[in-house]
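Take 168 as the starting number for the sequence shown in the working numbering and just add one per residue.
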Amino acid sequence: MDVDAIAAALDALIASCTTHEIAVLRRWTQDVQRNPSDHDMKEYAVRVMDAMRNAERHMIAAYQAAAPEAMR
């Protein structure tokens with residue numbers, strides 16, 4: 168297993184995934200902080216969970232690409 172390749176894949180994941188997803192979550196966080204309602208908090212929680220699932224899928228794909236023998 169190439170640790171440097173895995174680290175590079177994770178760096179690429181962070182660079183590519185966080186730009187959009189973090190911007191969306193930051194905007195939602197600011198909206199919720201300005202006007203916290205139960206509906207906003209529920210919607211925010213759903214958005215966070217979706218972003219985490221997406222990041223997890225990207226991380227698995229990056230790990231598989233960096234170390235395919237480790238996934239067997």
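Just so you know, even glycine gets a beta-carbon here, dropped at the ideal spot from N, CA and C. Owing to the predicted nature of the structure, the values given are computational and were not obtained by experimental measurement.
In angstroms, rounded to a whole number, what distance separates the CA positions of I227 and R220?
-> Cα-Cα distance, rounded: 11 angstroms.
Check A190 in the structure and name its three-state DSSP category.
-> In the structure shown, A190 sits in a helix (DSSP, three-state: H, G or I).
Taking C-beta to C-beta, are V191 and A218 nearer than 9 angstroms?
-> The Cβ-Cβ distance between V191 and A218 falls below 9 angstroms.
Report buried or exposed for A232, applying the criterion of at least 16 other Cβ atoms within 10 angstroms of its Cβ.
-> Exposed, because fewer than 16 other Cβ atoms sit within 10 Å of the Cβ of A232.
Please say whether R224 and W195 have beta carbons closer to each other than 9 angstroms?
-> Judged by their CB atoms, W195 and R224 are not nearer to each other than the 9 angstroms cut-off.
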